[in-house]
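J.:
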Amino acid sequence: MLRIVRAAARAWRRPTGCRGLNAVAEEAVPQAAKPEAVGSAGPQEPVLRRCELPVPAPRRPVQAWVESLRGYEQERVGLAELHPEVFSTAPRLDILHQVAIWQRNFKRISYAKTKTRAEVQGGGRKPWPQKGSGRSRHGSIRSPIWRGGGIAHGPRGPTSYYYMLPMKVRVQGLKVALTVKLAQDDLHIVDSLELPTSDPQYLTELARYRHWGDSVLLVDLAYENMPQNIVAATTGLKTFNLIPAVGLNVYSMLKHQTLVLTLQTLAFLEEKLLWHDSRYTPLYPFRLPYRDFP
Amino acid sequence: MAAAVFRATLRGWRTGVPPGCRLRRLSQTQGPPDYPSFVESVDEYQFVERLLPPTSIPEPPKHEHYPTPSGWQPPRDPPPNLPYFVRRSRMHNIPVYKDITHGNRQMTVIRKVEGDIWLPPSPPMDLTHRQCGSERARRYWGCVPSEAEQKGGPSGRLGLTPHPQPSLHCTSLPTKPLLGSHLLQRTL
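This is how it looks when you write it as structure tokens:
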């Protein structure tokens, strides 16, 4: 079965100049060829990824191509199965809206403050007597109808717009965002974020060749194991951003046109997002110790 | 000599130590200095760990006879070959609930419906169509499926949907027993 897949994968892969030798060698030893080292730029074993977590019975996993960043034309290096509960949920745009607006607003503290008539300097004395002067009656020169007076209903002090959406709503927002990205062909799975060069030009040219779009969000697993080339390439670029898996959020996914995940990130996200489907409601915050978490 | 004895007794009188005993430091009174210090042990933490609650809901155990004494039945395995599927709640129960609005409008809500419920051969809500009263009342209350419901609403809830037209709300139905739970025996 794997041989058929390997043969099929070899059939439509387009060999480039630098891989000509490897292609010839592969044709010479057809079926018994061992998979080559990962570091070489030649054709590799097709990557097949199954869902680790159980898929409920009537639904089947969604499939996506696994690509590679090592060569311009290394699209479709393998096939990955994605869990339907994460990548094929109902497209709840209202939840996306809620979560995106929450992300913008919950950190907001507006520092605008104006002085009321009590706080403006002066204005304690009645400017002229009530009757007899012919002018309209006033009690202080700092009332809101006066020029230079206080503001009647202005912003008062630092205002916090903090609120928290329920945890399950935020989790569902992430699932819906991943679903929408996959459904609109904006999600690309990559075996790893290793580049042959650290030139930012290479990354932009690759994105243009593969029609990824203007802005790309690259997601790796953690800061520690990010390859140096991709870090150097994305440092200088404004629209290509590299984040760890824990930094994935709905606002960034909607802001960038394309999302690129690695296989390890995929496993991490599926595990974390699906845990919420079968958990108890917390007796105390999850940051305190439980028997089986984390 | 007498002066020395007098000085010693005076010293003893003032500090409360009987004459003839010198004052010694506390560390010297503890014993020889090669005593072992205290031992840390983490083995007793198991008594704490078994008191911590779990976070994930376990699968229900296998019983010999169904339904169980509480009336619970596991979902059918493999699931029946229907165009729709009603998923169980996270506590493995049937997702049929009661709702009441305006103080007198009682509804039955079936959540977690996936797929197309309006395809032939038989939609699950046949009984509601018959019991809803006249054709005019059924149309008023939306027992006739609207365009959006025929495509399958994105929220997957029957009885209450985010669409403006109510669908499958039948106020003339009794709430006991819960409508829909016997219909769902076919699917669950």
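Residue numbers (UniProt numbering), protein chains in the order written: chain Z, 1 to 294; chain G, 1 to 188.
Note that beta-carbon positions come from the ideal geometry of N, C-alpha and C, so glycine has one too.
None of these values were measured; they are calculated from a predicted model.
1. Which residue from Z:Val47, Z:Arg59 and Z:Gln63 puts its Cα closest to that of residue 325 (chain Z)?
2. Quick one: which unbroken beta strand (DSSP E) runs of 3-plus residues sit fully inside the region 25-95 of chain G? Chain order, please.
3. What residues in its chain sit with their C-beta under 8 Å from that of Pro95 (chain G), if we drop five residues either side in the sequence?
4. So Asp292 (chain Z) contacts chain G; which residues on that side make the cut at Cβ distance below 7 Å?
5. Given a threshold of 16 other Cβ atoms within 10 Å of its Cβ, counted over all protein chains shown, does Ala80 (chain Z) qualify as buried or as exposed?
6. Mapping the DSSP letters down to three states, classify Met107 (chain G) as helix, strand or coil.
7. Name, in chain order, the residues that DSSP records as bridge partners for Gln74 (chain Z).
8. Check whether chain Z comes within 8 Å of Arg111 (chain G), counting only Cβ atoms and requiring the distance to be less than that.
9. Say whether chain Z places a C-beta atom closer than 8 Å to the C-beta of Glu40 (chain G).
10. Any C-beta of chain Z within less than 8 Å: which residues of the region 77-104 of chain G qualify?
11. Thinking C-alpha only, which one of Z:Asp191, Z:Met167 and Z:Gln264 is nearest Asp277 (chain Z)?
12. Going by DSSP, which residues form a beta bridge with Gly247 (chain Z)?
13. Mind checking if Glu49 (chain G) is an interface residue toward chain Z, Cβ cutoff 8 Å exclusive?
14. Would you verify that the beta carbon of Ser167 (chain G) is, or is not, closer than 8 Å to some beta carbon of chain Z?
15. So does the region 167-183 of chain Z actually touch the region 195-208 of chain Z, counting three or more Cβ pairs closer than 8 Å?
16. Locate the beta strand (DSSP E) running through Arg49 (chain Z), then write down its first and last residues.
17. Give the range of the beta strand (DSSP E) segment to which Gly115 (chain G) is assigned.
18. Output, in sequence order along the chain, the residues in the region 259-279 of chain Z whose CB is closer than 9 Å to any CB in chain G.
19. Which term fits Lys113 (chain Z), buried or exposed, when burial requires 16 or more other beta carbons within 10 angstroms of its beta carbon?
20. Rounded to a whole number of angstroms, what is the C-alpha to C-alpha distance between Arg291 (chain Z) and Pro80 (chain G)?
21. Taking Gly123 (chain Z) and Ile141 (chain Z) to be in contact with their CB atoms under 8 Å, please state how far apart those CB atoms are, rounded to whole angstroms.
22. State the Cα-Cα distance for the pair Arg50 (chain Z) and Pro200 (chain Z), rounded to the nearest angstrom.
23. Helix, strand or coil, according to DSSP, for Arg279 (chain Z) in the structure here?
24. I'd like the list of long-range same chain contacts for residue 306 (chain Z), defined as Cβ closer than 8 Å, with 5 residues on each side in sequence excluded.
25. Excluding five sequence neighbours on each side, which residues of the same chain lie with their C-beta closer than 6 Å to the C-beta of Leu269 (chain Z)?
26. Counting pairs of beta carbons, one from the region 80-91 of chain Z and one from the region 122-138 of chain Z, are three or more of them closer than 8 Å?
27. Could you tell me the alpha carbon to alpha carbon distance between Ala33 (chain Z) and Leu195 (chain Z), rounded to whole angstroms?
28. Is any beta-carbon of chain G found at less than 8 Å from that of Pro35 (chain Z)?
29. On a CA-only basis, which of Z:Ser143, Z:Tyr163, Z:Met164 and Z:Asp191 is nearest Gly71 (chain Z)? Give me that one, please.
30. CB Phe240 (chain Z) to CB Val216 (chain Z), shorter than 8 Å?
31. Check the Cβ of Leu283 (chain Z) against every Cβ in chain G and list those closer than 9 Å, keeping chain order.
32. So if DSSP puts Ala80 (chain Z) in a beta bridge, which residue, or which two residues, is it bridged to?
33. Does DSSP put Pro164 (chain G) in a helix, a strand or coil?
34. Would a check of beta-carbon distances place Pro166 (chain Z) closer than 8 Å to chain G?
35. With which residues is Lys98 (chain G) paired in a DSSP beta bridge?
36. Mind pulling the beta strand (DSSP E) runs of 3 or more residues that sit fully within the region 210-279 of chain Z?
T.: Short version:
1. Given a span of 1 to 294 for chain Z in the structure shown, any question on residue 325 (chain Z) remains unanswerable.
2. For the region 25-95 of chain G, whole beta strand (DSSP E) runs of length 3 or above, ordered along the chain, are 84-86.
3. Excluding positions up to five away in sequence, the list reads Val86, Arg87, Arg88, Ser89, Ile110, Arg111 and Lys112.
4. Here the neighbours are Pro54, Thr55 and Ser56.
5. Counting the other Cβ atoms within 10 Å of the Cβ of Ala80 (chain Z) gives 16 or more, which makes it buried.
6. In the three-state scheme derived from DSSP, where H, G and I count as helix and E and B as strand, Met107 (chain G) is classed as strand.
7. Looking at the DSSP assignment, Gln74 (chain Z) forms no beta bridge with any residue, so it has no partner.
8. Contacts with chain Z at 8 Å (Cβ-Cβ) do not include Arg111 (chain G).
9. Not closer than 8 Å to any Cβ of chain Z, the Cβ of Glu40 (chain G) fails to qualify, so no.
10. If the cut-off is 8 Å between Cβ atoms, the region 77-104 of chain G has Asp77, Pro78, Pro79, Phe85, Arg87 and Arg90 near chain Z.
11. Of Z:Asp191, Z:Met167 and Z:Gln264, the residue nearest in Cα terms is Z:Met167.
12. Secondary-structure assignment with DSSP links Gly247 (chain Z) through no beta bridge to anything.
13. With 8 Å as the cut-off, Glu49 (chain G) counts as an interface residue toward chain Z.
14. Because Ser167 (chain G) sits at a pLDDT of 36, beneath the cut-off of 50, its placement in the model cannot be relied upon, and the following sentence gives the value as read from the coordinates. The beta carbon of Ser167 (chain G) does not come within 8 Å of any beta carbon belonging to chain Z, so the residue lies off that interface.
15. Contact fails between the region 167-183 of chain Z and the region 195-208 of chain Z, because fewer than three Cβ pairs, one in each stretch, are under 8 Å apart.
16. Looking at the DSSP string, the run of the beta strand (DSSP E) that includes Arg49 (chain Z) is Val47 to Arg49.
17. Run containing Gly115 (chain G): Val113 to Gly115, per the beta strand (DSSP E) assignment.
18. Listed by position, the residues of the region 259-279 of chain Z near chain G (Cβ gap below 9 Å) are Trp275, Asp277, Ser278 and Arg279.
19. The residue is exposed, with fewer than 16 neighbouring Cβ atoms inside 10 Å.
20. Distance between the alpha carbons of Arg291 (chain Z) and Pro80 (chain G): 37 Å.
21. The C-beta distance from Gly123 (chain Z) to Ile141 (chain Z) rounds to 5 Å, short enough to fall under 8 Å.
22. Their Cα atoms are separated by approximately 33 Å.
23. Arg279 (chain Z) carries a strand assignment under DSSP once its states are collapsed to helix, strand and coil.
24. In the structure as shown, chain Z starts at 1 and stops at 294, and residue 306 (chain Z) therefore has no counterpart that could be examined.
25. Taking C-beta separations shorter than 6 Å and ignoring five residues to either side along the sequence, Leu269 (chain Z) has no partners in its chain.
26. Taking a cut-off of 8 Å for Cβ pairs, the region 80-91 of chain Z and the region 122-138 of chain Z do not touch, as fewer than three such pairs fall below it.
27. Low per-residue confidence applies at Ala33 (chain Z): pLDDT is 38, beneath 50, and the placement is therefore not dependable enough to give any value.
28. Bear in mind that the predicted position of Pro35 (chain Z) carries a pLDDT of just 39, short of 50, making it unreliable; the figure below should be weighed with that in mind. Not an interface residue.
29. Taking only the C-alpha atoms, the option nearest Gly71 (chain Z) is Z:Asp191.
30. In contact: Phe240 (chain Z) and Val216 (chain Z) (Cβ atoms closer than 8 Å).
31. The contacting residues are Pro53.
32. In the DSSP assignment, Ala80 (chain Z) forms a beta bridge with Z:Arg49 and Z:Ala64.
33. With a pLDDT of only 32 at Pro164 (chain G), under the threshold of 50, the placement of this residue in the model should not be trusted; the figure read from the coordinates follows. Looking at Pro164 (chain G) - three-state DSSP - the assignment turns out to be coil, as it is neither helix nor strand.
34. Using beta-carbon distances, Pro166 (chain Z) does not count as an interface residue toward chain G, since no partner is under 8 Å.
35. Answer is G:Thr108, bridged to Lys98 (chain G).
36. Within the region 210-279 of chain Z, the complete beta strand (DSSP E) runs of at least 3 residues are 216-220, 240-244 and 258-262.
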